[in-house]
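Colleague: Under my numbering, read the sequence shown as residues 38 to 182, first letter to last.
Glycine is no exception: its CB is placed at the ideal position from the N, C-alpha and C atoms.
Could you have a look at this structure, given as structure tokens, before my questions?
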Amino acid sequence: MAPKGDNVLVSSKKLEKIFCMKGGKGESSYANNSKAQAMHARSMLHLLKETLDRVQLSSSEVPFVVADLGCSSGSNTINTVDVIIRHMAKRYEASGYDLPEFSAFFSLISLAMTSTPSSNSSLLWPTTAVAWRRPSPPTATAPTL
């Protein structure tokens, strides 16, 4: 059995307060304290686009699906998925293909030191409505705010 003491074991409640993301819109929420993450994500978009350029285009009969299986609350994940869908729509158009249906799936995963059971997907949606529709050529439709 592990010894108990202030310097050895930390209660899960205390650990949650120290290390975990906070959902919602409050002063200490991830949504209001993730500008550095957003800047880093934007700085890496060229790598994402280079990778997307290597994806083989399928028939427009097959939906193009994007999944973020570990997203947080806030707009960073929505912005990245938007870039992916817009980039792929441009590729389909440039190749003369009809646009497929684009789908996006999000899953807030609760991991120790990353997220908490109190974080849930309902916190992702108040900032941005995620409703991509099949766009009319030649432009893709962005999420409706």
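1) Can you give, in chain order, each stretch of the alpha helix (DSSP H) that sits fully within the segment 60 to 116 and has at least 4 residues?
2) Name the two residues that bound the continuous beta strand (DSSP E) containing Ser140.
3) Kindly confirm or deny that the segment 62 to 69 and the segment 91 to 103 touch, where touching means at least three C-beta pairs closer than 8 Å.
4) In or out: Phe139 buried (at least 16 other Cβ within 10 Å) or exposed?
5) Is it right to say Ala149 is buried, meaning 16 or more other beta carbons lie within 10 angstroms of its own, or is it exposed?
6) Could you tell me how far apart the beta carbons of Phe142 and Val92 are, in whole angstroms, since I believe they sit closer than 8 Å?
7) Going by the CB atoms, is the gap between Leu94 and His124 shorter than 8 Å?
8) For Tyr134, does the three-state DSSP call read helix, strand or coil?
9) What does the alpha-carbon distance come out to for the pair Leu161 and Ser109?
Modeller: The short version:
1) 72 to 80 and 82 to 89, all fully within the segment 60 to 116.
2) For the purposes of this step, residue 140 is taken as residue 103 along the sequence shown, with counting starting at 1. From DSSP, the beta strand (DSSP E) with Ser140 extends over Phe139 to Phe143.
3) Too few Cβ pairs lie closer than 8 Å, so no.
4) By one-based count along the sequence shown, residue 139 stands at place 102. Result: buried.
5) To locate residue 149, count along the sequence shown from 1; it is residue 112. With a pLDDT of 34 at Ala149, under the threshold of 50, the modelled position of this residue cannot be trusted, and the question is left open.
6) Taking the sequence shown and counting its residues from 1, one reaches residue 142 at position 105. Taking the sequence shown and counting its residues from 1, one reaches residue 92 at position 55. Contact doesn't hold; Cβ gap of about 17 Å is too wide.
7) Indexing the sequence shown from 1 puts residue 124 at position 87. Indexing the sequence shown from 1 puts residue 94 at position 57. By the CB criterion at 8 Å, His124 and Leu94 fall outside the cutoff.
8) For this step, residue 134 is matched to residue 97 along the sequence shown. When DSSP states are grouped into helix, strand and coil, Tyr134 belongs to the coil group.
9) As a working note, residue 161 is residue 124 in the sequence shown. As a working note, residue 109 is residue 72 in the sequence shown. Only weak support exists for where Leu161 lies, its pLDDT of 47 falling under 50; the value from the coordinates is given anyway. Per the coordinates, the alpha-carbon of Leu161 lies some 7 Å from the alpha-carbon of Ser109.
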